Amino acid sequence: MNAIAPELLYPVGAALLALVVGVLIGRAGRATRRQVEELEVRVAEREGRIEQLEAARAELEAHRTELGVRLLATEQERDENRDQLTRYQAEVVSHFGQTSDLLKEMTLQYRSIYQHLAEGAETLCPDGALKLEKQTPIDGLLAQSDASPGGEPALETDPEEDSLEALEEAREESLEALEEAREESPFHA
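Under the numbering used here, read the sequence shown as residues 18 to 206, first letter to last.
Now the structure itself:
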């Protein structure tokens with residue numbers, strides 16, 4: 018009695034089949050939606066990370082530009098300091114060269130004055146001139162400083178050559194001291 022009519026069996030079976038297929042598609046759709054939502058979250062996180070990296074890159078670029086400007090300014094300052102040091106060294110060399118030349122001229126003028134006085138003394142008082150001719154103050158000083166330890170005087174030398182040699186030695190010592198100062202200078206390259 019309760020039998021289902023065969024004509025209803027097909028539509029009910031089709032409805033049940035459609036229901037089962039709908040449930041399966043719904044579950045699959047839910048899983049797919051969850052996956053889509055998870056992927057959207059991941060994409061959003063990655064986009065945020067990309068923005069952070071781009072901001073960091075822009076900041077690094079700004080620092081790089083700033084460092085480039087600083088480096089350029091430092092190199093210009095170094096070059097200016099080098100030029101200034103070179104000019105100063107040239108001035109020092111020129112000064113000591115001029116000082117050496119002036120001392121040489123002064124020695125020659127002193128000699129001329131001494132010879133003039135010796136000639137005048139010879140003309141005006143012949144006895145005093147002999148004493149002056151025999152030993153000039155330079156000769157006396159050289160004889161004292163060049164005497165050997167045994168008390169014997171050293172060989173006589175030309176006073177003009179001695180004073181010129183002394184000036185040349187002083188000039189060479191000054192130039193050596195200048196070169197040492199130049200090498201010890203923090204600006205020396």
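Note that the Cβ used here is the ideal one computed from N, Cα and C, for glycine as well. None of the values given here were measured: they were computed from a predicted structure.
List the whole-angstrom C-beta distance separating residue i from residue j, where the pair is believed to meet the contact cut-off of C-beta under 8 Å.
i	j	result
Val110	Leu195	6 Å
Lys121	Leu84	At roughly 55 Å, the Cβ-Cβ gap does not stay under 8 Å, so Lys121 and Leu84 are not in contact.
Excluding sequence positions up to five away, which residues of its chain have a Cβ less than 8 Å from the Cβ of residue i?
i	result
Phe113	Arg188, Ser191, Leu192, Leu195
Ala75	none
Can a CB atom of chain B be found closer than 8 Å to the CB of residue i?
i	result
Asp96	In the displayed structure, chain B is absent; only one protein chain is listed.
Once you ignore the five residues that flank residue i on each side, which residues in its own chain have a CB closer than 7 Å to its CB?
i	result
Leu33	none
So which of the options has the shortest CA-CA distance to residue i?
i	options	result
Glu186	Ser117, Ala135, Arg44	Ser117
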